[in-house]
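Structure first, commentary second.
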Amino acid sequence: MIKKSIKTLCDGFIDGGVDNVINFPGFYSHEIFDNLNGDRISLNERVAFDISYGISLSGKRSLLTIKNIGLNVASDPFLHSLLSGVNGGMVIVITEDVDVVASQERQDSRHYHDFFGGMWFEPNSLNSAYNIARQSFYLSEKYDTPVVIRLTNNFFNLIDDYKKLDKIKLDKIKISKNSNKYIIYPNYWLEQKKRLDQKNIEIDNFVDKFIKYIPYKKSKLGVIAVGASLEESYLKKYKYWDKLFIETYPIPKKTIQKFINKKNEVVVLEQGDDLVFKKIENLIQNKNKNLVLKSKIKIISDESKNWIVWDNLSKLFKAIKSIKPSFVVGDVGQFTVESTHVIDSCLCLGSSVGNGIGLVLGGVQYPFCITGDASFLHSGIQALSEAVSRKISMGIIVIDNNGSVSTGGQKLISSIYNIDKKIDKIEIDYNKISLQEIKNVLIKMRNSNKLMILYVKI
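Read in order, the letters of the sequence shown are residues 946 to 1403 in the working numbering.
In structure tokens form, the structure reads like this:
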């Protein structure tokens, strides 16, 4: 059953005029994509961003949905898009797993705002989320910037009501050819930076009006709640405190200053790092010496013992372990931590092939890399040409799940079999092969002392 939070967002984007939705799956991002009838997932977040930006250049309104760690992959075009601005409205939804329930670790995407600024939102309620989503394309075009909407774990559990409004009627936008605006190059850099600085001033003025304030009898105690950080336990604890709800980055500096001026104590609630707390700390400095400013960020409970140790491919991993490989590089997937514990390292999604090349260059004899089909297409396949040119000897095991199995089985946009013909490959059907037969294949690969790929069809 679709979460109410996701339906709310989708209604908002539809009523706001979305034309195309692009996605690389992870932590609810693909559910937003699916419920907006998204067609197919992209190869990786970088490609997804490039496509979404191209849609904006054409004059259409584009929505990109990715998880927070995926923004690292898309960071190059993302930061440059802030310099160029947009044509048609462009919105990026970042689904942020601050509780680390479906991610490698915690990362706070808000730090990216410190590079070039821009307009970010973090809704505190479903009604607010609907309104932000509905206005996002309009605001993107008005302020000539990609709009980012950050959604944390707490947001996806919200169930409050929202008021649906009429669809926003936006003018049709023609394709725009403007080298001074859209070509990111030293020739145009200074002018683009001047425009960006001016846009950020206008955005600063806008966010000071985009706030929600709940006073309590002019209390000397105040809570500044960022996004959906005011949980049920906090509602009781801070019942009699003045409350200021922040839903934007940049933070509304003038409003915050007014709020804390006559307070004795202020607590800042946020999800992720204590980013807003530190910005407020810098804002007030020594202006209010009697003020006690405190930070409360969500503590991550230790769920490591509850993570499932995977054994669905026990034959494969037992076979790998039995041949005593020099080193096994894994990828991010359901198999990353499996019952035989044969995998020696896993850096990030799609990194196993590149890591394997480095191991060989460092003197390791015939390491094995193991990756899923989505991970292989994400980044691994790009490293193959370098492995060929460097004459690397190693084994690559690609698990063919016929889709992104960890995120719901979305169909892949390309084939994992489109590789350099110089690379020897072997295909096996996992359900029709014995452990000993897999072991024999792995020994054959190692004895060949060549670059070889083993495709394991599930």
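From the three backbone atoms N, C-alpha and C, an ideal C-beta is built for every residue, glycine too.
Since this is a predicted model, take the numbers as computed values, not measurements.
Can you give me the C-alpha to C-alpha distance between residue i and residue j, rounded to a whole angstrom?
| i | j | result |
| --- | --- | --- |
| S1001 | F1023 | 13 Å |
| F1222 | R1391 | 54 Å |
| D1218 | L1135 | 32 Å |
| V1031 | P1091 | 7 Å |
| L1180 | A1019 | 37 Å |
| I1265 | K1384 | 7 Å |
| K1366 | E1283 | 32 Å |
| G1301 | P1312 | 6 Å |
| G1325 | G1317 | 10 Å |
| L988 | I1341 | 19 Å |
| Y1127 | G1172 | 32 Å |
| K1198 | V1298 | 46 Å |
| Y1303 | N1072 | Here residue 1303 is Gly; the residue named in the question, Tyr, does not match the sequence. Cα to Cα, the separation comes out at about 50 Å. |
| S1070 | F1100 | 7 Å |
| F1061 | D1149 | 13 Å |
| V1343 | I1315 | 6 Å |
| S1178 | K1157 | 20 Å |
| G1275 | S1048 | 15 Å |
| L1125 | K1139 | According to the sequence provided, residue 1125 is Asn. The question's Leu does not apply to it. The straight-line gap from Cα to Cα measures roughly 12 Å. |
| V992 | V1211 | 43 Å |
| F1082 | M946 | 28 Å |
| D1289 | L1214 | 38 Å |
| G1307 | I1364 | 25 Å |
| S1359 | N1102 | 34 Å |
| I977 | S1393 | 46 Å |
| I1118 | G1004 | 5 Å |
| Y1133 | G1015 | 29 Å |
| K1207 | Q1230 | 15 Å |
| I1398 | V1386 | 11 Å |
| I1146 | I1368 | 54 Å |
| D984 | I951 | 18 Å |
| F1080 | D1106 | The question names Phe, but residue 1080 in the sequence shown is Gln. For Q1080 and D1106, the distance between alpha carbons rounds to 18 Å. |
| P1131 | L1110 | 44 Å |
| K1224 | N1347 | 46 Å |
Below 8 Å between beta carbons: does that hold for residue i and residue j?
| i | j | result |
| --- | --- | --- |
| L1175 | N1209 | no |
| F1205 | N1233 | Before going further, note that residue 1205 is Ile rather than Phe in the sequence given. Going by C-beta atoms, I1205 is nearer than 8 Å to N1233. |
| S1349 | I996 | no |
| L1258 | F1280 | yes |
| L1322 | L1357 | yes |
| L1396 | A1332 | yes |
| V1036 | I1120 | no |
| D964 | S1007 | yes |
| T1040 | L1084 | no |
| E990 | F972 | no |
| K1182 | Q1216 | no |
Under 7 Å Cβ to Cβ from residue i, same chain only, skipping five residues before and after it: list those, please.
| i | result |
| --- | --- |
| S1164 | Y1185, W1186 and D1187 |
| Q1202 | L1228 |
| I1388 | I1268 |
| T1193 | W1065, F1066, V1152 and F1155 |
| L1380 | K1260, K1263 and A1264 |
| I1104 | K949 |
| L1292 | N1300 |
| D1089 | G1030, V1031 and K1144 |
| F1413 | Because residue 1413 is not part of the residues shown, which for the chain are 946 to 1403, the question remains open. |
| V1277 | Q1049, C1291, C1293, L1294 and S1320 |
Between residue i and residue j, how many whole angstroms is the CB-CB distance? I'm expecting something under 8 Å.
| i | j | result |
| --- | --- | --- |
| I1159 | I1191 | In fact, because the Cβ distance is near 13 Å, the residues do not count as touching under 8 Å. |
| S1338 | V1305 | 6 Å |
| I1373 | K1336 | I1373 to K1336, Cβ: 26 Å. No contact. |
| Y1400 | K1370 | 6 Å |
| A1074 | T953 | 5 Å |
| S974 | T1010 | 4 Å |
| I1077 | G962 | That belief does not hold up - the Cβ atoms of I1077 and G962 are roughly 14 Å apart, past 8 Å. |
| N1098 | V1046 | 7 Å |
| I1129 | S1240 | Not quite, the Cβ-Cβ distance comes to about 37 Å (not below 8 Å), so this is no contact. |
| L1141 | G1167 | At roughly 33 Å, the Cβ-Cβ gap does not stay under 8 Å, so L1141 and G1167 are not in contact. |
| N1017 | D1042 | With 8 Å as the limit, N1017 and D1042 do not qualify as a contact, their Cβ atoms being about 14 Å apart. |
| S1271 | Q1327 | Rounded, the Cβ-Cβ distance is 24 Å, inconsistent with contact. |
Can you list, in chain order, the residues of its chain with a C-beta nearer than 6 Å to that of residue i? Leave out the 5 residues immediately preceding and following it.
| i | result |
| --- | --- |
| K1112 | D960 |
| L981 | C955 and V966 |
| E1086 | G1034 |
| S1026 | Y998 and P1091 |
| L1115 | G962 |
| G1063 | L1027 and T1090 |
| D1044 | N1098 |
I'd like the list of long-range same chain contacts for residue i, defined as Cβ closer than 8 Å, with 5 residues on each side in sequence excluded.
| i | result |
| --- | --- |
| D1345 | D1318, I1361, Y1400, V1401, K1402 and I1403 |
| L1220 | D1053, R1055 and H1056 |
| Y1375 | L1258, K1260, L1261, V1401, K1402 and I1403 |
What runs of the beta strand (DSSP E), each 3 residues or longer, lie entirely inside the segment 946-1019? 965-968 and 1007-1012
Which runs of the beta strand (DSSP E) fall wholly inside the segment 1284-1367 and span at least 3 residues, in chain order? 1313-1317 and 1340-1345
Where are the alpha helix (DSSP H) runs, 4 residues long or more, that stay fully inside the segment 1141-1218, in chain order? 1177-1182 and 1198-1205
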